[in-house]
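Some notes on the structure that comes next.
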Amino acid sequence: MKGKSLDRFVGKYCKIVTKEPGEEKVRVSIGSITDIDHDAGFMIVESDQGSKFLKLESIVAIKPRRQLWI
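Under my numbering, the first residue of the sequence shown is numbered 12, with each subsequent residue one higher.
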């Protein structure tokens, strides 16, 4: 995914589906998007497992979710 349309997801809790080139399986990350760096081509996602850096070119889909507190 590219473009400034991703900026609307900053600060929101989302489900992010990524697929690396050459791989068959997709990976799902769930967390809050804290920052998007369009120049470097990555986003930072904070989740229960810690921080993740995801490449923008590997993102297949993003879906905002309600954060459930247990």
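Cβ atoms here follow ideal geometry from the backbone N, Cα and C, with glycine treated the same way.
- Taking a C-beta distance under 9 Å as the contact criterion, K74 and K26 qualify as a contact pair.
- If you ignore the 5 residues before and after I47, its C-beta comes within less than 7 Å of the C-beta of L17, D18, V21, M54, all in its own chain and listed in chain order.
- DSSP places V37 in no beta strand (DSSP E); its state is neither H nor E.
- In the DSSP assignment, E57 falls within the beta strand (DSSP E) that extends over 53 to 58.
- Partner residues in the beta bridge of P75, as assigned by DSSP, are C25.
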